[in-house]
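Here the sequence shown is numbered in the working numbering, starting from 19 and rising by one per residue.
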Amino acid sequence: MYKPLVVITGKNGQLGWELAQLKSLNTFQFDFLFIDKEELDLSNPESIPAFFKQHKPQYFVNCGAYTLVDKAETEKELTRAINATSVGVIAAECAAIGCTLITISTDYVFDGNGTSPYLPNQVTDPLNHYGLTKQEGEQLALQNNPKTIIIRTSWVYSTHANNFVKTMLRLMKEREELKVVSDQVGSPTYAADFAEAIIQMIEQLESGSTHYGIYHYSNSGVISWYDFAVAIKNIAGLSCNVLPIPTTAFPTPAKRPAYSVLDKESIIKDYEIKLIDWKVSLKKCIHELK
Ligand SMILES: NC(=O)c1ccc[n+]([C@@H]2O[C@H](COP(=O)([O-])OP(=O)(O)OC[C@H]3O[C@@H](n4cnc5c(N)ncnc54)[C@H](OP(=O)(O)O)[C@@H]3O)[C@@H](O)[C@H]2O)c1
């Protein structure tokens, strides 16, 4: 029986890994191919056409990215090759075979001066090189393939790979006191929830949906990194003293947006995605980690 092929990059990363874990994948009417840099090195855009010649997917979900936000300030060309140039080539290859591209982007495309949730079509103005290359990747993807869906997300965590939740849990066990910035606000995203949403979108596309363009996804709720850390501490039952600090007290090579809340109405409306409360998902993740 014919099954559309769904290629998913970044299989060793948080989101790609969570997609591979979905138990429901076994029952789907799709074939899945999970890959990472061993199978397709996104730092080498010239290698992409040969991959498409061999595989010819119907859906290409790009979760692979250069995500070291501070290191990106010095590894500029590598970051651009992975996050922008390769995304453009993937989009062009997709267009040539009628493949739908779903590529993941970030709240860091915004400057953070907003005071209400950012709409998908709002002007972007990234503060750091990572955000700039993700913005360039978005533009190339949209230009090169009419069947492109960009999904911007924020503050991603998972039981797998490195992230804020796992770092906090480790530090809170090691230290008596921890300082966390309280003047950057946004919405966390449990990668397992996001993975479910992406599969739901592919199912709807396969059933005839023609909604392309830019979408936003995260868990629901708006918090600061400090609020997030306090919730992690309380859910895990740890005793570390968590203190709020301003961003100015924690300088990093890459600037971060102060406000990066994404408006998610269009993904709810066009793809019937139900958002899950950030705390419900955080509890689930910490429970899984125990
Ligand atoms: N993490 C966040 O807080 C966050 C926030 C907003 C948006 N996003 C976006 O969400 C998407 C998924 O993020 P994530 O948190 O799952 O990222 P992640 O855990 O850092 O995973 C990134 C994946 O990309 C792969 N990769 C890196 N360099 C590559 C290369 N040259 N060729 C092929 N693959 C390469 C990594 O492979 P290795 O593990 O082998 O290096 C890893 O599997 C990304 O587009 C990211 O920009 C993330």
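Backbone N, C-alpha and C define an ideal beta-carbon position, used for all residues, glycine too.
- For Arg170, there is no enclosing alpha helix (DSSP H); the residue is found in the beta strand (DSSP E) stretching over Thr166 to Thr171.
- By the criterion of a C-beta distance shorter than 6 Å, Lys197 is surrounded in its chain by Leu261 and Ile263, once the five residues flanking it on both sides are discounted.
- DSSP places Phe50 in the strand class (E or B) of the three-state scheme.
- The alpha carbon of Pro67 has as its nearest neighbour, out of Val127, Ile115, Thr177 and Glu194, the alpha carbon of Ile115.
- With 16 or more other Cβ atoms inside 10 Å of its own Cβ, Tyr235 counts as buried.
- Setting aside the 5 residues that flank it on each side, Ile122 is surrounded in the same chain by Cys81 and Ile169, each with a C-beta closer than 6 Å to its C-beta; the list follows chain order.
- Around the beta carbon of Glu156, 16 or more other beta carbons lie within 10 angstroms, which makes this residue buried.
- The criterion of a C-beta distance shorter than 8 Å is satisfied by Tyr208 and Tyr175.
- Shortest gap from the CB of Gly31 to any heavy atom of ligand 1: under 7 Å.
- The continuous beta strand (DSSP E) containing Gly231 extends over residues Gly231 to His234.
- Where Phe78 is concerned, the enclosing beta strand (DSSP E) starts and stops at Tyr77 to Asn80.
- In this chain, the beta strand (DSSP E) harbouring Glu195 covers Glu195 to Val199.
- Annotation note: the segment 269 to 308 contains the following uninterrupted alpha helix (DSSP H) runs of length 4 or greater, listed N- to C-terminal: 283 to 289 and 296 to 307.
- Selection Arg98, Thr266 and Tyr230 evaluated against Cys117 yields Tyr230 as nearest (Cα-Cα).
- Residue state for Leu119 is assigned as strand, using DSSP reduced to three classes.
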